[in-house]
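The block underneath contains the structure these notes are about, expressed in structure tokens.
Residue numbers (UniProt numbering): 1 to 345.
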């Protein structure tokens, strides 16, 4: 992963800059740049639409589709053009054996058709998006929290602390990300996990959240450590240490504010990575477990319907592409906005 710390490096302003930028904080400056960035606005609007639609999944399933997206509906029927037809239609392929789920309709129910279990694809798509976004956001918080803690401790305290934490990061870094994620998922999801009085079931969303949150820690902790090392040797921090200011105060007043921009830049980029990772694990049946849905599990459900009902697999695939694209575009815009070298037009 590319070290994004370059995007938030401090630059020296010309002599007339203080007058021009008087009363303007870096955050106000970044906001002025972002609100003029059309790509950032478009990405934000797309993300808001996806998030709001996913959060409204229970309302859509209850009041519009009027269906239970987690229960099999092989014998269900739907009214289309005034006619009552079965959700699972007799197959017209080959020898005509078996059944094929109904395709997209113009009715409130089964707008995107049904899957192999007769469940509403649109309702499952929204529920799947909700789970994928929750897992991605939660894993991002865990990843950035652990990475910030490890990076700050390693960079600021140095010595033995830095050596131990750096070796732990090196060990995690040595494993390919997906191999580590698959290995942890197979072990934990097969039997769950018990930590003292806390027991996490195998089908809990906490397992993929924890696994995905941990595997990317080294990729964020290293840039954080590098930034803290640079700040530790800066004049204002050395002056504070020379004046006898407590270390905890230096961390809170000088170090944390100066690495916050780096962490903020990582948020959309890590969320995009986490969505892809979660969808991959769920597609392999070692992420979100049935009867819950995620975009990865819906793609897996549609794998056997690619020739007859490709929409079942295409819909979540398109949702993943749009979400990841919007997050990456927003991440690039945020990085540029927080870069002091970026000019305000």
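Glycine included, every Cβ here is placed at the ideal spot set by N, Cα and C.
In this structure residue 287 is in contact with residue 185, their Cβ atoms being roughly 7 Å apart against a cut-off of 8 Å. Non-local beta-carbon contacts of residue 114 in its own chain, meaning distances under 6 Å to residues more than five positions away in sequence, involve 87, 101 and 102 in chain order.
According to the DSSP assignment, residue 28 belongs to the alpha helix (DSSP H) that extends over 26-34. In the DSSP secondary-structure assignment, residue 147 is not bridged to any residue. Below 8 Å, too few C-beta pairs join the stretch 119-130 and the stretch 196-216 to call them touching: fewer than three.
Here DSSP, grouped into helix, strand and coil, assigns residue 109 to coil. If you keep only unbroken beta strand (DSSP E) runs of at least 3 residues inside the stretch 167-239, you get 193-195 and 198-200. When the five nearest sequence neighbours on each side are left out, the beta carbons in the same chain lying within less than 7 Å of the beta carbon of residue 232 are those of 155 and 156, in order along the chain. Under a 10 Å Cβ-count criterion, residue 278 is classified as buried, with 16 or more other Cβ atoms of the shown protein chains found around its own Cβ. At a cut-off of 4 residues, the continuous stretches assigned as alpha helix (DSSP H) that sit fully inside the stretch 238-287 are 247-250 and 256-283. About 7 Å separates the CB atoms of residue 152 and residue 224; that is less than 8 Å, so the two are in contact.
Scanning its chain for C-beta atoms nearer than 8 Å, with the 5 sequence neighbours on each side dropped, one finds around residue 251 the residues 152 and 156, in chain order.
Here residue 62 is exposed. Its C-beta has fewer than 16 other C-beta atoms within 10 Å. Exclusion of the five residues before and after residue 291 leaves 70 as the residues of its chain whose Cβ lies within less than 6 Å of its Cβ. Within the model, the alpha-carbon separation for residue 50 versus residue 323 is close to 7 Å.
Using a C-beta cut-off of 8 Å, the stretch 318-333 makes contact with the stretch 36-43, since at least three inter-stretch Cβ pairs fall below that distance. Closest in alpha carbon position to residue 105, among 294, 130 and 65, is 65. For residue 89, the enclosing beta strand (DSSP E) starts and ends at 88-90. In the structure shown, the three-state DSSP call for residue 320 is helix. A Cβ-Cβ separation of about 28 Å leaves residue 189 out of contact with residue 165 under the 8 Å criterion. Remark: C-beta atoms of residue 181 and residue 142 do not approach each other more closely than 9 Å. Taking C-alpha positions only, residue 145 is separated from residue 262 by approximately 13 Å. As DSSP reads the structure, residue 58 sits in no beta bridge. Judged by DSSP in its simplified three-state form, residue 162 adopts helix. CA-CA distance, residue 25 to residue 336, rounds to 16 Å. Under the three-state reduction of DSSP output, residue 122 falls in the helix class.
Burial is judged here by how many other beta carbons sit within 10 angstroms of a residue's own beta carbon; residue 116 has at least 16 and is buried. Membership of residue 100 in the beta strand (DSSP E) is indicated by the continuous run 99-101. The straight-line gap separating the alpha-carbon atoms of residue 82 and residue 303 is approximately 31 Å. By a beta-carbon distance limit of 8 Å, residue 311 contacts residue 121. Their separation comes to about 7 Å.
Secondary-structure assignment with DSSP links residue 80 through a beta bridge to 83. Separation of residue 147 and residue 244 (C-alpha to C-alpha, rounded to the nearest whole angstrom) is 28 Å. Residue environment: residue 220 is assigned as buried (16 or more neighbouring CB atoms within 10 Å of its CB, all protein chains considered). Distances from the CA of residue 222 to each of 162, 241, 177 and 305 were compared; the closest alpha carbon is that of 162. Cβ-Cβ distances below 7 Å link residue 91 to 97, 98, 99 and 100 in the same chain, with the five nearest sequence neighbours on each side left out; the list follows chain order.
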